[in-house]
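J.: Protein sequences appear in the order of chains A and B.
For the first sequence, the numbering used here assigns the number 91 to the initial residue and increments by one for each residue that follows.
For the second sequence, the numbering used here assigns the number 6 to the initial residue and increments by one for each residue that follows.
Where is the CB? At the ideal position from N, CA and C, for every residue including glycine.
Keep in mind it's a predicted model, so treat the numbers as computed, not measured.
One structure, as structure tokens, below. Some questions next.
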Amino acid sequence: MATATVPRRSALGEALAGVRHAADENPGSLLGWLATVDHKKIGVLYGVSAFLLFLVGGLEALLMRTQLMFPNSDVLTNDQFNRLFTMHGVTMVFMVVMPLSAAFFNLMVPLMIGARDVAFPRLNAFSYWTFLGGAILINISFFTGDIFDGELGAPDGGWFGYAPLSLPEYTPGNGMDFYAIGLQILGLSSLAGGLNFAVTILNMRAPGMSLFRLPVFIWMTLVTSFLIIFAMPVIAVALFELTFDRLFEANFFNVDAGGNPILWQHMFWLFGHPEVYILILPAFGIISEILPTFSRKPLFGYAFVVFSGIAIGFMSWGVWVHHMYTTGLGTIANSAFGISTILIGVPTGVKIFNWMATMAGGSIRFKSPMMFAVGAVAMFTIGGLSGITHSMVPSDYQQQDSYYIVAHFHYVLFGGAILALFGGIIYWGPKFTGRLFNEPLAHIHFWVMLIGFNLTFFPMHVSGLLGMPRRVYTYDEGMGWDVWNLLSSLGAFCIALSVIVFIVNFVYSIMMKRGAVAGPDPWDARTLEWSITSPPPHYNFATIPQVHSLDDWWHQKYREDADGNVIPAMAGAALATEVAHGGDGGEEHGDEHHGDIHMPSPSFMPLIAALGIPIMGIGFIYDYALVPVGATLLLVGIYGWALEPATEED
Amino acid sequence: MAHASTAHLETSTGIDNRKLLMWFFLSSDCLFFGSFIAAYLLYRDRSLVGPYPEDLFDIPFTSVSAFVLLMSSVSMVLALAAIQRGNVRGMQIWLFTTAMLGALFIAGQVYEFTEFHHEGLSLSTNLFGTTFFVLTGFHGAHVTIGVLILLSLFVYSLRGGIQQKDSLNVELAGLYWHFVDIVWIVIFTLIYLVQP
């Protein structure tokens, strides 16, 4: 808060500035990574962490599928199974899809709007370290039980943590304390990120980059950021109430004291439905960038896609009761929310038709990112259709808490979000690694994943409609569910295989540098990030670009002749060289500019502040003595942050 | 100095990054307090055992502390006006006054909480105790953070850290302070004054 010129420096201040300088000098060292405020490095940190957590969440899923492969298995006990499905949901929603989206926000937003960094680089680092702290906090809960006796300490109340069932009376142990406090920390991280990206997109655009020249991915990031800004406080309050009930014997959800048994559900789903759009809108943005590039056509109906995204953002606040039809809210409430749920399918359908129209008549190249994007559209559409079936109240009464619901949300969140995010990794990864993924391996990855995904989740529609409930750890023979469960489990291992193929591709193409050199613009794409080198210099643009149109980079490369055919723009057109300038010389050329481009200095303060938060969290669960320790670290971080200059003088 | 790296850049909207951030944060905080207030209103008159609000509320006392908080918004305005004119001394006086008025409000809240506790209301007594203490407690935490920010600015300005060109720092603290004040007006009206 308090800033302006620091009149004099203490010895401690000098020492800190020295460490900071060392981090600045060696950006590739451990110190450099710990103190980085570069949006590209923070994006990489987000991506790598989220991918590792994806493996953790996937392992949890594999354990569950192994248990359910045959009737009456005893691979897992019911208690272990409860903890695994809870952690699988929490991990995939809050620690995989959200941070993977955040990785793309970090990597792409400044590059696509023509900026050198985000509006608040240190706040950005704080978001990442807070996320990491929250993720570690929740996951260490596994080890708080007697793990060698097979007793896991993880939360066991489902990812939705329905109170009063999540109160100590029904859910003893510390698992749900870790859930409440861990999600609180992850929410804080998301909120800081949402605030940062909303300001960045509105305020840091290159000259000429008006709102309606923003790439659709940026629009979807903006809508997602606002959803985060408004949804996170709601879940924060619900989690605080749960925490007070569990740790300090408050009565928010205590039915014996007159508490309302569905208050939690209302608050959770008032957050939860915007949350599902927080998960899917970034994926929609990625799809909207990949399809036009590989169809060599502009996105069909840009304004429609943007406005339908905004409409989804608003409408997502008015559909939460469709998660609660069976709680007995009455016919009028159920009908009203049934109608609003059907209506939210309209802007979503608009997007799907626009994507199909983008491809129609295009010169489509089925490169691997395109495969993932088209796959995501197709799978999301199936998930959207099953979603429409449970917007109908009577139909939902049958489907509630059955595997049909599990099938539905995996089609939208795995088939939609995860496929699109893998498409994004293969599409934009080369921009940051300088190497293309191996194309045949990426195609194998895609097909094995697509087949495995459908093999896993399509049979769940059937087992669900045959009455198999969610969250049961086993089932008897002769219920008619055996074959469907066997298929689902085989599919799950198929998905695991496809992830291994991806890892092999990553190691081979990127880490062993066997992939083809990407060059600045390997896909002949449309947006600004492709006008600079791969990987980009740390200041991104040597000269801040001047933007003249939507898909500006494309229009610098191509123009239309009199018949409307796309032809290359004049070689050496003044504009193209001006923008590509930073790209031609690469790093060495850029270093000449370093003297006059002042990038924010690295800082340890976000890390110190973020470190205090999980320590406080652990303190609340186990020993209040740790709370002041964490609070002190947090305060030291915040004051150090406010007092240090953002950019050290050379 | 922290703002120097962004201050020399024109922003696309013309609004300073930090100011936009503060507005978005406050809009988020609206939903934070909104959710707690909604929980309080949902549970009003649902407590199964006493003490009940009408047994405890001392409207004249709380009106005085609400007035103190309102007046702190006036002194906050004066602090910002002073530094925008380049009057560092005036800003210091008014910043300190604002912080002290805020601290006085907190003292009033501590007194009120202690009184209620003596009269048998705790966090776990009934729904009223739960929703009242948590809602007003989170508001009190916001005021306390505000007092810390104001005192930090005050101490920093004593070291010469805040000049006319840095008035945005005071303005941001002011935005936060006025917001916390407005939230209290809502809480005071809905929870203390409007009794069913």
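Taking the Cβ atom as the reference point for each residue, do alanine 104 (chain B) and leucine 155 (chain B) lie within a distance shorter than 8 angstroms?
T.: It is a contact, given that the beta carbons lie within the stated cut-off.
J.: Can you check whether the C-beta of asparagine 293 (chain A) is within less than 8 angstroms of a C-beta belonging to chain B?
T.: yes
J.: Would you mind telling me which residues of chain A sit closer than 8 angstroms to phenylalanine 193 (chain B), beta carbon to beta carbon, in chain order?
T.: Near phenylalanine 193 (chain B) there are no residues of chain A at all, since even the closest Cβ is about 20 angstroms away, more than 8 angstroms.
J.: Contact defined as beta carbons within less than 8 angstroms: I believe serine 624 (chain A) pairs with lysine 521 (chain A). What is the distance between those atoms, to the nearest angstrom?
T.: 5 angstroms
J.: Got a sec: is the Cβ-Cβ distance from isoleucine 150 (chain B) to anything in chain A below 8 angstroms?
T.: No, no contact with chain A.
J.: How would you call aspartate 171 (chain B), buried or exposed, if buried means at least 16 neighbouring beta carbons within 10 angstroms?
T.: Burial is judged here by how many other beta carbons sit within 10 angstroms of a residue's own beta carbon; aspartate 171 (chain B) has at least 16 and is buried.
J.: Taking any Cβ of chain A, which residues in the stretch 39-56 of chain B have a Cβ under 9 angstroms from it, in chain order?
T.: Gly39, Ser40, Phe41, Ala43, Ala44, Leu47, Tyr48, Arg51, Ser52, Leu53, Val54
J.: Out of A:Gly435, A:Ile708, A:Ser315, A:Gly702, point me to the one whose CA is closest to leucine 31 (chain A)'s CA.
T.: With chain A running from 91 to 740 in the structure shown, residue 31 (chain A) is simply not present.
J.: Strictly under 8 angstroms for the Cβ-Cβ distance: is threonine 135 (chain B) near chain A by that measure?
T.: yes
J.: I'd like to know whether the C-beta of threonine 323 (chain A) is nearer than 8 angstroms to at least one C-beta of chain B.
T.: The residue you asked about is not threonine; residue 323 (chain A) is proline in the sequence shown. Interface residue, yes.
J.: If you draw a straight line from the C-alpha of methionine 695 (chain A) to the C-alpha of proline 211 (chain A), how long is it?
T.: 12 angstroms
J.: Under 8 angstroms between C-beta atoms, does glutamate 331 (chain A) make it to chain B?
T.: yes
J.: Assuming isoleucine 657 (chain A) is part of the alpha helix (DSSP H), what are its boundary residues?
T.: Taken as a continuous stretch (DSSP letters only), isoleucine 657 (chain A) belongs to no alpha helix (DSSP H), being part of the beta strand (DSSP E) at 656-658.
J.: Under three-state DSSP, which class holds isoleucine 562 (chain A)?
T.: Checking the sequence shown, residue 562 (chain A) turns out to be valine, not isoleucine. Coil, per DSSP.
J.: Would you call the CB atoms of isoleucine 516 (chain A) and proline 459 (chain A) closer than 8 angstroms?
T.: Remark: C-beta atoms of isoleucine 516 (chain A) and proline 459 (chain A) approach each other more closely than 8 angstroms.
J.: Is it a yes or a no for the stretch 169-177 of chain A touching the stretch 245-253 of chain A, going by three-plus beta-carbon pairs under 8 angstroms?
T.: In this structure the stretch 169-177 of chain A lies against the stretch 245-253 of chain A, because at least three pairs of beta carbons, one per stretch, are closer than 8 angstroms.
J.: Here's a check: name, in chain order, each residue in its chain whose Cβ is nearer than 8 angstroms to the Cβ of arginine 110 (chain A), leaving out the five neighbours to either side.
T.: Ala125, Ser691, Pro692, Ser693, Phe694, Glu734, Glu738
J.: Spatial neighbours of alanine 510 (chain A) within its chain, please: CB distance less than 7 angstroms, with the 5 preceding and 5 following residues excluded, ordered by chain position.
T.: Cβ-Cβ distances below 7 angstroms link alanine 510 (chain A) to Ala373, Ile376, Ile377, Phe462, Ala463, Ala466 in the same chain, with the five nearest sequence neighbours on each side left out; the list follows chain order.
J.: At a Cβ threshold of 8 angstroms, is aspartate 34 (chain B) touching chain A?
T.: Cβ-Cβ to chain A under 8 angstroms: yes for aspartate 34 (chain B).
J.: Compare the Cα-Cα distances from isoleucine 167 (chain B) to each of B:Met96, B:Leu75, B:Leu31 and report the closest residue.
T.: B:Met96
J.: Going by alpha carbons, who is nearest to threonine 174 (chain B) out of B:Gln89, B:Arg49, B:His122, B:Gly142?
T.: The question names threonine, yet the displayed sequence has asparagine at residue 174 (chain B). The shortest Cα separation from asparagine 174 (chain B) among B:Gln89, B:Arg49, B:His122, B:Gly142 belongs to B:Gln89.
J.: Could you tell me whether any non-hydrogen atom of the ligand FAD is closer than 7 angstroms to the CB of leucine 419 (chain A)?
T.: Of the ligands one can find in the structure shown there are none, so the ligand FAD has no counterpart to examine.
J.: Let's see if you can read the secondary structure: which residues bound the beta strand (DSSP E) around tyrosine 648 (chain A)?
T.: 648-650
J.: By DSSP, does serine 639 (chain A) sit in helix, in strand, or in coil?
T.: Assignment of serine 639 (chain A) by DSSP, reduced to helix, strand and coil, places it in the coil class.
J.: Closer than 7 angstroms by C-beta to proline 612 (chain A): which residues in its own chain qualify, once you throw out the five before and the five after it? Chain order, please.
T.: Pro520, Leu526
J.: Just the C-alpha distance for phenylalanine 171 (chain A) and glycine 19 (chain B), rounded to the nearest angstrom, thanks.
T.: The straight-line gap from Cα to Cα measures roughly 54 angstroms.
J.: Give every residue of the same chain whose Cβ lies closer than 8 angstroms to the Cβ of methionine 414 (chain A), excluding the five residues on either side of it in the sequence, and list them in chain order.
T.: Ile352, Gln355, His356, Trp359
J.: How should arginine 455 (chain A) be labelled, buried or exposed, when 16 other C-beta atoms within 10 angstroms of its C-beta is the threshold for buried?
T.: exposed
J.: If I measure Cβ to Cβ from asparagine 187 (chain A) and keep anything under 6 angstroms in the same chain, skipping five residues before and after, which residues do I get?
T.: Per the sequence presented here, residue 187 (chain A) reads as valine, with asparagine not at that position. Only Leu369, Ala507 meet the Cβ criterion.
J.: Measure the C-alpha to C-alpha separation of serine 430 (chain A) and glycine 408 (chain A) and round it to an integer number of angstroms.
T.: 7 angstroms
J.: Does the beta-carbon of methionine 602 (chain A) have 16 or more other beta-carbons within 10 angstroms, so that it is buried, or is it exposed?
T.: exposed
J.: Contact criterion: CB-CB distance below 8 angstroms. Does phenylalanine 101 (chain B) meet it with respect to chain A?
T.: No, its Cβ sits nowhere closer than 8 angstroms to a Cβ of chain A.
J.: Buried or exposed for valine 669 (chain A), going by 16 or more other Cβ atoms inside 10 Å?
T.: With a pLDDT of only 44 at valine 669 (chain A), under 50, the local geometry of the prediction cannot be trusted, and the value read off the model is given with reservation. Counting Cβ neighbours within 10 Å, valine 669 (chain A) comes out buried, since at least 16 surround it.
J.: In chain B, which residues lie less than 8 angstroms from glycine 348 (chain A) when you measure between Cβ atoms?
T.: Tyr48, Arg51, Ser52, Leu53, Asn131, Leu132
J.: Please state the DSSP three-state secondary structure of valine 607 (chain A).
T.: strand
J.: Kindly say whether asparagine 341 (chain A), judged by its beta-carbon, lies nearer than 8 angstroms to any beta-carbon of chain B.
T.: yes
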